Amino acid sequence: MTDLEKILAAIPKKPIPIIDSQFSFDVYTPLDLSVSNTSLEHYNITTPAGCQEYIDTVLAASKAKVAYGGYLEQRNLYANTPSFNSASDFVRNIHLGLDVWAPIGTPIITPMDGKVHSFKNNTTAGDYGPTIILEHSVNNVIFYTLYGHLSISSLEQLYVGKEFKQDEILAEMGAPEINVNYAPHLHFQIIKDLQGNFGDYPGVSSKADIDYYSKNCPNPNLLLSIGV
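Here the sequence shown stands for residues 2 to 229, where the numbers follow my numbering.
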């Protein structure tokens, strides 16, 4: 276990909300978008409509309103995105964050105190669209949280160093035409070393690189404890 993982694991284990409190944890359900889920054979999850159709099926079956999951999940979701499939030995399809799937415009709240490190609208196909990265310090250890697939308005009135308190509204979920063609959701990722990135950081890894990225990007549920 890395030093950052130890710090996150030491945080009292109660669910920490990351979207608006109108959605209580009893309306959350896990979502499996992995290559091993044979139910996905009936849906084209590489399109926002096809992915949302499957999500709606899962929500209805569970009588839920919010779906979550995806850390270190190997997915076919990116199969039609050229930037994820540029080299056969380095196909990027292992997800490094935790996704929270909810309606367009759902408010996103900060899970802990932090300040804006950077923000950017990443418009390349398959990227995040509007993105915010917060910097945090716990026991003198600095780390970062990334929030991707936001609305354009989420980036307004931001500046580097702006402080946010836990449970403060940070942003809102963007629509597919803004979030670079995904069904509406939040990509939440914890990052130890940003490696010089500003407003962006890889959210999907290849098998060849997963040893590094899984250590640099620990399980977000060490902090959030959703469904634990």
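Think of the CB as a built atom: it goes at the ideal place given N, C-alpha and C, for glycine as much as any other residue.
All of these numbers come straight from a predicted model, not from anything done at the bench.
- Counting only runs of at least 4 residues, the region 12-88 fully encloses the following alpha helix (DSSP H) elements, listed from N- to C-terminal order: 49-63.
- Nearest to L224 by alpha-carbon distance, out of E178, K66, L99, is L99.
- The straight-line gap separating the alpha-carbon atoms of C52 and A176 is approximately 13 Å.
- Relative to the Cα of S37, the nearest Cα in the group I95, K66, S22 belongs to I95.
- Between V139 and I56, the alpha-carbon positions lie close to 35 Å from each other.
- Ranked by Cα distance from S226, the options T125, A61, Y72 are led by Y72.
- For K163, no beta strand (DSSP E) run applies, since DSSP gives it neither H nor E.
- Beta bridge pairing from DSSP links K121 with T132.
- With contacts defined as CB atoms closer than 9 Å, G115 and P131 fail to qualify as a contacting pair.
- At a Cβ-Cβ threshold of 9 Å, L187 and T124 do not count as neighbours.
- Rounded to whole angstroms, A184 and F26 show a C-alpha spacing of 21 Å.
- For N217, the three-state secondary structure derived from DSSP is helix.
- Boundaries of the beta strand (DSSP E) around E173: 170-173.
- Annotation: the continuous beta strand (DSSP E) that includes D100 extends over 99-102.
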